[in-house]
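Structure record follows, encoded as structure tokens.
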Amino acid sequence: MNDYQLLLICVLAGSVILLTGKYFFKRRRRNIFSMLIGDVQAYVSYLFEEHWQADLAYHDLDHTRLVVKRTQEIASNFRLDDLQEFILFSAAWFHDTGQLTGPPAGHEHRSVRLMEEFLSDKGIAPDIISAIGRCILSTSIPHSPSNILEEIICDADTYNLGNEEFLITDAKVAREMQKRADVDLSHWDKETLAFLSAHRFFTPYCKSMLSQGKQNNIHLVRERIKNKSGQTP
């Protein structure tokens, strides 16, 4: 064996070791994030069970679980790495926890504080916590997402506006707002119509899948107003 062959073997062996090391590092990191998401899910579930309120007709644990599911569905259309998924899914789990500790107004900021306390105790880096916080705050109305993660969670949180769930969820939100914020429901349909008309989906996936459904729901609300008033809105 000459020097060239020996050098080639060493280079190849080094490459194999490097690739193997990277594989196990990625696998270990994926496992860590997966365990952390499990901890987040358990903690948020505990919060909803411990602080559940009867007037949370819409923003309950079932809603949170559905937003997480929708977030995963939308995210599957993008090539997100493990860290991005951790940021996104953590935000989805925590995004409405602030509803448990105060009125609807400002609940996103309270959700961020609950998330910060929990993940700080887990030793999560401040920049990661900040990214999760920005995702949660991006769900405030009106939406103004600044990156793809924020666009995904905004679309997941309002997914129901573009499908057949809308009429059921709209009634739940109305009942919740009446009880929790003393909202006068006499103008609810017109406010709902304005909200639907101003809303937009951000991800290509949701634009394709849900835009027509949202237009159908806009038509239904317009018909509802027309039937109640005898006038075209």
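Sequential numbering from 2 applies to the sequence shown in the numbering used here. C-beta atoms are modelled at their ideal positions from N, C-alpha and C, and glycine is treated no differently. Just so you know, these numbers come straight off a predicted model, no measurement behind them.
Ranked by Cα distance from Leu150, the options Ile169, Phe79, Glu118 are led by Phe79. Your pair Cys136 and Leu89 checks out as a contact, with CB atoms roughly 6 Å apart and the cut at 8 Å.
In the structure shown, Trp53 adopts coil according to DSSP, grouped into three states. Around the Cβ of Glu86, a 10 Å sphere holds 16 or more other Cβ atoms; the residue is buried.
Boundaries of the alpha helix (DSSP H) around Ile88: 83–95. Within the model, the alpha-carbon separation for Leu57 versus Ser212 is close to 28 Å.
When only Cα atoms are considered, Phe202 and Asp190 end up about 21 Å apart. Ala106 carries a coil assignment under DSSP once its states are collapsed to helix, strand and coil. Take Glu117, set aside five residues on each side of it, and the residues of its chain with a beta-carbon closer than 8 Å to its own are Ile130, Gly134, in chain order. Residue nearest to Asp97 within the set Ser91, Leu84, Ser145, His60 is His60 (criterion: CA-CA distance). Between Pro105 and Arg181 a beta carbon distance of about 6 Å is seen, short of the 8 Å cut, so the two are scored as contacting.
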